[in-house]
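In order, the protein sequences belong to chains A, B and C. Going by the working numbering, the first sequence opens with residue 1, and the numbers climb by one from there. Going by the working numbering, the second sequence opens with residue 1001, and the numbers climb by one from there. Going by the working numbering, the third sequence opens with residue 2001, and the numbers climb by one from there. Glycine included, every Cβ here is placed at the ideal spot set by N, Cα and C. Model, not experiment: these values are computed from the prediction.
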Amino acid sequence: MSNEPDGLRKGSSRNDAPVATAEPASSSDSARVSPADAFFKNLTRSAGLGLLVLIAAIAAFLVLEATNALSANTGNFLTTTEWFPNSSPPFFGVAALLFGTLLTAVIAMVIAVPVAVGIALFITVYAPRRLATPLAFIVDLLAAVPSVIFGLWGLIVLVPRMEGIQKFLTEYFGWIPLFATQNSVVGRSVFVASVVLAIMILPIVAAISREVFLQVPIAHKEAALALGATRWEMIRTAVIPYGKPGIISASMLGLGRAMGETIAVALVLPASFGISWKILSPAGNTIAANVANGFAEANTVGRGALIASGLVLFIVTMIVNMIARAVIARRREFSGAAA
Amino acid sequence: MATRIDVSGLTAYYGKFKAVSDLHFSIEPKSVTAFIGPSGCGKSTVLRTLNRMHEVLPGARVEGRVLLDGEDLYGPGVDPVNVRRAVGMVFQRPNPFPTMSIYENVVAGLKLNGARKKSLLDERAEQSLRGANLWEEVKDRLGRPGAGLSGGQQQRLCIARAIAVEPQVLLMDEPCSALDPISTLAIEDLIAKLKSSYTIVIVTHNMQQAARVSDTTAFFTLDKTGDPGRMVEMDKTEKIFSNPTEKRTEEYITGRFG
Amino acid sequence: MSTTTVTPTATLGGPSLIGQRLPKAALPAIGVGAVVATILLYVVAPIESKIQFVLISGALYLIGQTSASIMVEGSRRAADRLVTTLVYLAFLLAVIPLVAVLASVIAKGAERVDISFLNHSMRNVGARDAGGGIYHALIGTLEQIALASLFAVPFGLLVAIYLVEYGRGRISRTISFFVDVLTGLPSVIAGLFILAFYILALGQKPSGFAGALALTILMIPIVVRSAEEMLKLVPDELREASYALGVSRWRTILKIVVPTALPGIVTGVMLAVARVAGETAPLLLTIFGTDSINFNPFSGPQSALPLYIYSQAGQPQQAAVDRAWAAALTLIVLVMLLNAVARLVARLARVR
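Next comes the structure, spelled out in structure tokens:
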């Protein structure tokens, strides 16, 4: 409706090369293109194609190195919940790891998304204009902290401090299967690992939500206010519906990030196998953390098995990320059409 | 329900910049008052002070008194939310909520105010759409997105949305500037009709429009850029357009400046 | 006409403009009340931790505030207040871990960091020993990120130039899509790929170079995306002016477009370097780690700061954990310096 969607389109869509119009039309001018020009164009294009080759190589070599281990496997790779790739005969499967990966990542998302949306609202709606940029910077700073440091902090500082709250949860909410415990509560649980992951994905979810909230046209916010909406009602009628696709895709990107996180989980969560919903117990492990934990003692088949599990992670995160981008892309079309 | 408005000592700021300074005027109930004047003279700012929408912009503030039937909008304890419920507003560009249907747009304000009963909402939606001369055009597609309507229809939808909460005053900020002549005519007809129920204040760039729709016209100007806008004169519309008191007004009306 | 002049119904509330508000002192009073109530609760049923204390008094405060607000101001105002409090709380919740992490790293790291920590390796230092340092890891990290930048920056820049200046149609859309795929690639996969390709398939030994290759994969998408954004910001008028002077396209790109976008590109590269400097997982699989100083990234295992932190943190001895904190402080300083320089470059460019 204003110039905003134009700006949005120019800033975001990478495909229709907005600068192309200004260039001499390459096809009709091809006869006059100098050799140097042609060379440079081909150089940049081969770099672009090289990127495609790289992706193909990643998939190909993961498959290649996984095959040997998979053919030596005496278990079913997709359904087995145990991980003994180094014994003979090797017996391993990715089921428990995949479950643990999804469980920790989903819990992290459930914790992080409401907080991140709150942060985005705080920065775009509640905070004084002058403070908005420095506050956004502080949240971005969280993203700059390396994951191994979150792992170290989680293990040494957070784990002991979470014991009390976990005891509280299992004591009063133990009737919910999620909060039941096997024996006694330990600090290093799936729950604490998820809390660390939640902190780590907070900045990216908050940053994307902030971007979409900033794009909400002032006209819509004023329309709500002029009807006599309170600030929250204005958010509920104008900001959230407009930003919903953005929040969904931010959550998915956060989910993908959480699933792939390795070192922080490897440090906080003691390695164990099996499918369990008891998130206050140490039972659980993720694909990525298992790679970090199991690599040192892995033999040839063991390495292959880790690579095979990595392939599963690769596929799952790719699907999640693609869903996220598809939601964003649809949303762009929507806002473009509305303009 | 129509209400009179008495403004005294009204000064509006954007940060340090004084947009309008020390205004005094009154608006009669059930009348149409037009604000005219060159760009930047503060007429839209004045309009937005009448329902406390001015202060929504960062750094904006207001001094002075705006009495709505004797009650000061800027008095202590006054809740801007209640003010905006009582003083509806229609904006320059039609701004239906893009994610809502036509029906949801019309009843959005009612729902905010706690109305939940389906029969009441249905009744009010039809009433408001009829009131906005839109019912016949949309009655078969109330569930469709509001953004799918034409510009003129969208603007009438916004008017329906504003009158659905039964405000006492209706403010219109250049409601036709983004519309084609036929849609403009439809809105002008609507204003004439709404006058019998509401006190209406309209900002317009179009002097013919002011002459056509309004009972009273106020002419604003600013002496030079950076100065606050001021009201030159306010009088019966016929008088302003035939025999204005101030020379500045005459010059503007006849197109000699502005 | 009369249809539009219905009298206001009770559902819409009275015509008064005055909204009943909670007195200013009410909120602090409710806050104090919540804390006192939690202390009383503590007497009845002991509370395990400080976190729990904060949670319970926070919940009590929210309940108190909301019910007071419903009674005095009505449910709409109460909802508005509740959300306002929650939003402020959300921001606080984000700041707490940041402050906590930084405070822990600085406090625990500063105790241990000194010159000898920076210029000694871990050679012949046991986990229980108090000595040792990060010299070898620092060397490793610097060499690895330098090599990774050497590969990733030119490559990423060329891809970005292709996408912005030449790219059209399906190929460029495909490339752009796979840049997004690479952006979302878990870092451990990059490590597994180099393990599978360089070490297992090609039969090479783990080395700093292998680690740099893995980091390169992680750097490429960041460099491409940031360079792309910056190149797009270069106004078309500049390109047209150059073509009008008869300058060929490739020279226009290299002499006009890229230099104009350079500060932004440098910022992007610095941020990319800062990002990969903290990566652990890919290095774990590719550089193997060592306690000794190895200047040569092309032969023999190397160490790196993140890997050093990981291996020290995983040991039960206090001496090792202390070293992990000290190394964490060094790494954070390194990463924050890179970030600061990046932002400085961006700011200087904007001023000009």
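Task: Chain-ordered neighbours of A2342 (chain C) on chain A, where CB pairs are closer than 9 angstroms - done: Correct list: empty, because the minimum Cβ distance to chain A is about 10 angstroms.
Task: Exposure of L2344 (chain C), with buried meaning 16 or more beta-carbon neighbours within 10 Å - done: exposed
Open item on the list: Any beta carbon of chain A sitting closer than 8 angstroms to that of T2011 (chain C)?
Closed with: With a pLDDT of only 36 at T2011 (chain C), under 50, the local geometry of the prediction cannot be trusted, and the value read off the model is given with reservation. Not one chain A Cβ lies under 8 angstroms of T2011 (chain C).
Open item on the list: With a threshold of 8 angstroms between beta carbons, is W153 (chain A) in contact with chain C?
Closed with: yes
Open item on the list: My assumption, with CB atoms under 8 angstroms, is that P85 (chain A) sits in contact with T74 (chain A). Please give the rounded CB distance.
Closed with: 10 angstroms between Cβ atoms; not a contact.
Task: Residue ranges of each beta strand (DSSP E) within the segment 1004-1065 of chain B, 3 or longer - done: 1005-1014, 1017-1027, 1032-1036
TODO: For chain C, find out if any of its Cβ atoms is closer than 8 angstroms to the Cβ of V1078 (chain B); answer yes or no.
DONE: yes
Task: Closer than 9 angstroms at the beta carbon, the chain A residues around P1181 (chain B) - done: Going along chain A, no residue has its Cβ under 9 angstroms from P1181 (chain B), so there is no contact; the nearest lies around 21 angstroms.
Task: Where P24 (chain A) falls, given that 16 or more other Cβ within 10 Å makes a residue buried - done: Since pLDDT at P24 (chain A) reaches only 45, below the 50 mark, its modelled position is unreliable, and no value is offered.
- [ ] Look up F1219 (chain B) in the DSSP assignment and say whether it is helix, strand or coil.
- [x] strand
Open item on the list: Between B:A1132, B:L1110, B:D1227, which has its C-alpha nearest D1122 (chain B)'s C-alpha?
Closed with: B:L1110
Open item on the list: Please classify K1043 (chain B) as buried or exposed, where buried requires at least 16 other C-beta atoms within 10 Å of its C-beta.
Closed with: buried
Task: Cut-off 8 angstroms between Cβ atoms - residues of its own chain near N68 (chain A), not counting five sequence neighbours on either side - done: T300, V301, G304
Task: chain C within 8 angstroms of E65 (chain A), Cβ atoms only - done: yes
Task: Proximal residues of chain B, C-beta to C-beta of G243 (chain A) below 7 angstroms - done: The contacting residues do not exist; G243 (chain A) stays about 10 angstroms from chain B at best.
Task: Proximal residues, the segment 2264-2284 of chain C versus chain A, C-beta separation under 7 angstroms - done: A2274, G2278, T2280, A2281, L2284
Open item on the list: Using the three-state DSSP reduction, which class does K1236 (chain B) fall into: helix, strand or coil?
Closed with: strand
- [ ] Please go through the segment 2077-2149 of chain C and give each complete alpha helix (DSSP H) segment of 4 or more residues, from N-terminal end onward.
- [x] 2115-2118
Open item on the list: So, under 8 angstroms CB-CB, G254 (chain A) and I201 (chain A) are touching, yes? Tell me the CB distance rounded to an integer number of Å.
Closed with: 4 angstroms
TODO: Quick one: measure Cβ to Cβ for V291 (chain A) and S309 (chain A), integer angstroms, because I've assumed they're closer than 8 angstroms.
DONE: 7 angstroms
Open item on the list: Between C:L2093, C:R2128, C:K2255, C:E2143, which has its C-alpha nearest Q2312 (chain C)'s C-alpha?
Closed with: C:R2128
Task: Pair within 8 angstroms by beta-carbon distance, A289 (chain A) and V265 (chain A) - done: yes
Open item on the list: Runs of 4 residues minimum, wholly inside the segment 2190-2270 of chain C: which ones carry the alpha helix (DSSP H) assignment?
Closed with: 2208-2233, 2236-2244, 2249-2252
Open item on the list: Going by DSSP in three states, R2168 (chain C) sits in which element: helix, strand or coil?
Closed with: coil
Task: Close Cβ partners of G1059 (chain B) (< 7 angstroms) along its chain, the five nearest in sequence each way excluded - done: Y1014, G1015
TODO: Can you pull the chain C residues whose beta carbon is under 8 angstroms from the beta carbon of R303 (chain A), in chain order?
DONE: L2195, L2200
Task: Sequence ranges, beta strand (DSSP E) only - wholly within the segment 1096-1176 of chain B, length at least 3 - done: 1169-1173
Task: Continuous alpha helix (DSSP H) stretch holding G2031 (chain C): start and end - done: 2026-2044
Task: Rounded separation between S28 (chain A) and P2263 (chain C) - CA only - done: Because the pLDDT at S28 (chain A) is just 43, under 50, the model does not fix this residue reliably, and the value given afterwards should be weighed accordingly. The alpha-carbon atoms of S28 (chain A) and P2263 (chain C) are separated by roughly 34 angstroms.
Task: C-alpha distance - A22 (chain A) paired with G243 (chain A), whole-angstrom precision - done: Low local confidence applies: a pLDDT of 42 at A22 (chain A) is under 50, so the model's placement there is unreliable, with the coordinate-based value given in what follows. The straight-line gap from Cα to Cα measures roughly 34 angstroms.
Task: A1178 (chain B) versus R2170 (chain C): straight-line alpha-carbon distance, rounded - done: 38 angstroms
TODO: Sort out for me which residues DSSP pairs W83 (chain A) with in a bridge.
DONE: A:F92
Task: Those residues which DSSP pairs with R1230 (chain B) across a bridge - done: B:T1221
TODO: For the beta strand (DSSP E) holding T1199 (chain B), just list the boundary residues, first then last.
DONE: 1199-1203
Open item on the list: Since Q2302 (chain C) and G2208 (chain C) should fall inside the 8 angstroms C-beta cutoff, what is the C-beta to C-beta distance between them, to a whole number of angstroms?
Closed with: 4 angstroms
Task: Proximity test, Cβ basis, 8 angstroms: I2018 (chain C) and chain B - done: yes
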